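Undergrad: Mind looking over this structure? Questions follow.
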């Protein structure tokens, strides 16, 4: 006989490994950071157990932090927009090849993952640095040296380079599912190339665009390695502030407060973005 | 302009794909308001031909005219034709009404007019209650109707239909055949209908072009195609047909006498110029053959045969007999009398004679 309670218990049991995993590695650290954010800093750099809102008061008055947040957001938006514009045609090209070619192209997109990310970012420094390959080449012709690193452009370029696969793959997955006869149907019904893209292809690949944008935006807005290596002291992002607080400044409590606010703002932004893309999709309304 | 124009005119159209020829030198003239079918087995080039008219492919050589206007490389979105696709190709992210409105939306027609015409189009295909649904929420037959409404709302000069009924079950297909035909007659729009189903083509078409290997073999009204096929392929592809090979013995007033390798003489109506000594084939349809028991009937076209298999299918009884040379021969007898008496039906092993009238058999090229 069918028994709802047994069924329910079994469902919980089946989900329990995932729940334990999430609880231990995600929820517990989050709660810990939340608790830390209400504490203080002892003189020796350890956490001083003293519940207060001091960190949050300090944070909201900290102009430097908000400038950092603004720069991070701006860089992440630029990076996301450019990766999207570059990746869409590429994913389109990939999805319209023969199935055999497609497999090879997906493999090609993933090849960078075979090398450590930091190594690849340092490679850019080797290329673009003041004594780098490019400048030494220019030197042969008495040109340069060009200042190509330690500025936001270098950080943006390296982030685009690093994040491209995370945009290409979800877009490709969305485009590969697309029923291409629809493009002919749209043309047949009088749509030009742009109208066909705008009214037929784009709305149906929106889930891929959403997924790719979040996959690129979230790591980018929180990065500290790329801005550290290629931005030097002139590019200070939220990630750098965080790494400072948890590192040399040894102020875990303040770092935790920054983390909490940053996380909340990011979550809010993502929810807004989801809502907006869904509205665009539902709003597809000829006439 | 006083010269009569055709809805669609194909002038020596050929299409080659990487070394293989999909359409070979096809010339056709399709009249305004005609229901014209392209009929042939898969791979005969009928869909390629339709795609060239729609503008999805360009001919390798030859010209296509729509309403007298040379199409050249005019893109699909600027041609006054619309297509109903085999897979329907409805837009899954839009409601039924939005799908139907798409063509008018592209033409920037004002909202009030669009709403009225969408309503009319949905009424026409009996889907007025389904405008807000998504295509996925409809049955195959309903999706088919949406595709039809989405194409017809644009009031094209020519509607192109690429095997639109292939995915429907038999009963629904028959209903849609009648409905398509009545819509076509009501609107007076030229329909070009691609199908591999000969019965469908016969039921619906004003004229049919039978295609094989990229070529048009014969164009004609359904009765012409069925009763006066010009080639063995056409006779075989449309309906059922018996063939008897032989050598031409005599030609007299259009009646051609063949002698089979077994020495039997058969006579049929000549469908192509022949002379004595030529090889040819006699074609006769199973429903035009009679079976006679007992005494051998007089006249021409008589074979002794043994009944091999009998299939009672209600309206007809389909009998396969074996001729003296061992070849099978199909005979269909209409069951005009209602009876359970087993003696009224043939059984395997019965000795019979098969016979048919000269005017019911055709002499075709081998």
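Chains as they are written, first to last, in my numbering: chain C, -14 to 272; chain G, 4 to 369. Note that the Cβ used here is the ideal one computed from N, Cα and C, for glycine as well. What you are looking at is a predicted structure, and each value in this text was computed from that prediction instead of being measured.
Taking residue 67(C) as the reference, which of 145(C), 215(C), 28(C), 157(C) has the closest Cα?
TA: Locating residue 67(C) in the first chain gives position 82, counting from the first residue. That would be 145(C), whose Cα lies nearest to the Cα of residue 67(C).
Undergrad: Do you know how far the Cα of residue 148(G) is from the Cα of residue 437(G)?
TA: Because chain G is modelled from 4 through 369, residue 437(G) falls outside the range shown and cannot be assessed.
Undergrad: Distance check for residue 170(G) and residue 90(G), CA to CA, integer angstroms please.
TA: Position 87 of the second chain, counted from the start, is the residue given in the question as residue 90(G). Position 167 of the second chain, counted from the start, is the residue given in the question as residue 170(G). Cα-Cα distance, rounded: 8 angstroms.
Undergrad: Is it a yes or a no for the stretch 328 to 348 of chain G touching the stretch 273 to 285 of chain G, going by three-plus beta-carbon pairs under 8 angstroms?
TA: no
Undergrad: Excluding the 5 residues preceding and the 5 following residue 63(G) in the sequence, name in chain order all residues of the same chain whose CB lies nearer than 8 angstroms to its CB.
TA: On the second chain, position 60 is the one that residue 63(G) refers to. Result list for residue 63(G): 17, 18, 19, in chain order.
Undergrad: Quick check on DSSP: helix, strand or coil for residue 146(C)?
TA: To locate residue 146(C), count along the first chain from 1; it is residue 161. Of the three classes helix, strand and coil, the one that applies to residue 146(C) here is helix, per DSSP.
Undergrad: Return yes when the C-beta of residue 346(G) is under 6 angstroms from any heavy atom of the ligand NAP, and no when it is not.
TA: Ligands are entirely absent from the displayed structure, and the ligand NAP is therefore not among its contents.
Undergrad: Measuring alpha carbon to alpha carbon, tell me which residue in 329(G), 194(G), 159(G) is nearest residue 165(G).
TA: Start at 1 with the first residue of the second chain, and residue 165(G) comes out as number 162. With distances taken between Cα atoms, residue 165(G) lies closest to 194(G).
Undergrad: Can you give me, in chain order, the residues of the stretch 99 to 122 of chain G that have a beta carbon less than 8 angstroms from any beta carbon in chain C?
TA: 101, 104, 105, 106, 107, 108, 109, 110, 114, 117, 118
Undergrad: Quick check on this structure: which residue in 270(G), 167(G), 85(G), 335(G) has the alpha carbon closest to the alpha carbon of residue 305(G)?
TA: Here residue 305(G) corresponds to residue number 302 of the second chain, with the count starting at 1. Out of 270(G), 167(G), 85(G), 335(G), 270(G) has the C-alpha closest to the C-alpha of residue 305(G).
Undergrad: So who's on the other strand from residue 366(G), going by DSSP bridges?
TA: As a position in the second chain, residue 366(G) is number 363, starting the count at 1. In the DSSP output, where bridge partners are listed per residue, residue 366(G) has 273(G), 285(G).
Undergrad: Is the stretch 169 to 182 of chain C in contact with the stretch 91 to 101 of chain C, if contact means three or more CB pairs nearer than 8 angstroms?
TA: no
Undergrad: Looking at the C-beta of residue 61(G), does it have a partner C-beta in chain C at a distance below 7 angstroms?
TA: Counting from one through the second chain, the residue named residue 61(G) turns up at place 58. Closer than 7 angstroms: no.
Undergrad: Does the beta-carbon distance from residue 121(G) to residue 103(G) come in below 7 angstroms?
TA: Counting from one through the second chain, the residue named residue 121(G) turns up at place 118. Counting from one through the second chain, the residue named residue 103(G) turns up at place 100. Yes; because the gap between Cβ atoms is below 7 angstroms, this pair is in contact.
Undergrad: Consider the Cβ of residue 90(G): report whether some Cβ of chain C lies at a distance smaller than 7 angstroms.
TA: Mapped onto the second chain, residue 90(G) falls at position 87. It does; some Cβ of chain C falls within 7 angstroms.
Undergrad: What's the C-alpha gap between residue 354(G) and residue 310(G)?
TA: As a working mapping, residue 354(G) is identified with position 351 in the second chain. As a working mapping, residue 310(G) is identified with position 307 in the second chain. Residue 354(G) and residue 310(G): Cα-Cα distance of roughly 6 angstroms.
Undergrad: With distance defined between alpha-carbon atoms, name the residue in 187(C), 78(C), 251(C), 239(C) nearest to residue 37(C).
TA: Within the first chain, the letter at position 52 stands for residue 37(C). Of the candidates 187(C), 78(C), 251(C), 239(C), the one whose C-alpha sits nearest the C-alpha of residue 37(C) is 239(C).
Undergrad: Residue 79(G) CB to nearest chain C CB: under 7 angstroms?
TA: Taking the first residue of the second chain as position 1, residue 79(G) is located at position 76. Chain C contact via Cβ: present.
Undergrad: At which residues does the alpha helix (DSSP H) containing residue 45(G) begin and terminate?
TA: In the second chain, counting from the first residue as 1, residue 45(G) sits at position 42. No alpha helix (DSSP H) holds residue 45(G); DSSP gives it neither H nor E.
Undergrad: Quick check on the burial criterion: 16 or more other C-beta atoms within 10 angstroms. Buried or exposed for residue 350(G)?
TA: As a working mapping, residue 350(G) is identified with position 347 in the second chain. With fewer than 16 Cβ atoms within 10 Å of its Cβ, residue 350(G) is classed as exposed.
Undergrad: Mind listing, in chain order, the continuous alpha helix (DSSP H) runs of no fewer than 4 residues lying wholly within the stretch 79 to 140 of chain C?
TA: 84 to 95, 102 to 113, 118 to 125
Undergrad: Just by C-beta distance, which residues in the stretch 275 to 306 of chain G are closer than 9 angstroms to chain C?
TA: none
Undergrad: Residue 364(G): buried (16+ other C-beta within 10 angstroms of its C-beta) or exposed?
TA: Along the second chain, one-based indexing puts residue 364(G) at 361. Buried, since its Cβ has 16 or more Cβ neighbours within 10 Å.
Undergrad: If you reduce the DSSP assignment to three classes, tell me which class residue 32(C) lands in.
TA: The residue labelled residue 32(C) in the question sits at position 47 within the first chain. The answer is strand: DSSP assigns residue 32(C) an E or B state.
Undergrad: Below 8 angstroms on C-beta distance, what does residue 74(C) contact in chain G?
TA: If you number the first chain from 1, residue 74(C) lands on position 89. The premise fails here: residue 74(C) is roughly 21 angstroms from chain G at the closest Cβ pair, so nothing lies under 8 angstroms.
Undergrad: Quick check: residue 242(C) and residue 44(C), are their CB atoms within less than 7 angstroms of each other?
TA: What you label residue 242(C) is simply residue 257 of the first chain in a count that begins at 1. What you label residue 44(C) is simply residue 59 of the first chain in a count that begins at 1. In contact: residue 242(C) and residue 44(C) (Cβ atoms closer than 7 angstroms).
Undergrad: Taking residue 203(G) as part of the alpha helix (DSSP H), name the residues at either end of that continuous run.
TA: By one-based count along the second chain, residue 203(G) stands at place 200. 201 to 207 is the extent of the alpha helix (DSSP H) around residue 203(G).
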